[in-house]
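Okay, so the sequence shown: first residue is 591 according to this note's numbering, each after it adds one.
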Amino acid sequence: MDCCIKKYPLSPLENCTASRSDVLRVLREIAEVSDVVANINEDFNPDDYVDSDEFANNEDLPEWKQRCIKFYVACTERRWTGNCYDCIRYCEGQRKWPKDRCHPSGEGN
591 MDCCIKKYPL SPLENCTASR SDVLRVLREI AEVSDVVANI NEDFNPDDYV
641 DSDEFANNED LPEWKQRCIK FYVACTERRW TGNCYDCIRY CEGQRKWPKD
691 RCHPSGEGN
């Protein structure tokens, strides 16, 4: 039921034969997750999660690429929410870490 409501958030009563209470519960959960993602700090810094000294061999790389690598290491080692591999690929293309997709679990940072 939850998956159907998430798939059809504009018409769950018709498409999912869901009760009003089911719809409200799922939409409330979605709103809570959205709030957590919206509150992710814009100054999200990879150095808060990894020891920068371990990345001295990457000093010749562009700053954005160093940040992507540090975020990826933090994501995999600390088991963040999200697919770390997809996030580093995104980061390589966009030159910024997708903090709405990959971030510390439960921290909302």
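By construction, the Cβ of each residue, glycine as well, lies at the ideal position given by its N, Cα and C atoms. In this text the structure is predicted, and so the values were computed from the model without any measurement.
By the neighbour-count criterion, in which 16 or more other beta carbons inside 10 Å mark a residue as buried, Y675 falls on the exposed side. Scanning its chain for C-beta atoms nearer than 6 Å, with the 5 sequence neighbours on each side dropped, one finds around R691 the residues G672 and C677, in chain order. Under DSSP, the beta-bridge partners assigned to T671 are H693. Bounds of the alpha helix (DSSP H) holding N605 are P602 to C606. Fully enclosed alpha helix (DSSP H) runs of no fewer than 4 residues occupy 653–667 of the segment 628–667, in order along the chain.
The C-alpha of P694 lies about 9 Å from the C-alpha of A664. For F634 and S609, the gap between their C-alpha atoms comes out near 39 Å.
The residue from A646, W687, E649 and Y639 with its alpha-carbon nearest to that of R669 is Y639. Assigned with DSSP and collapsed to three states, R685 falls in coil, not helix or strand.
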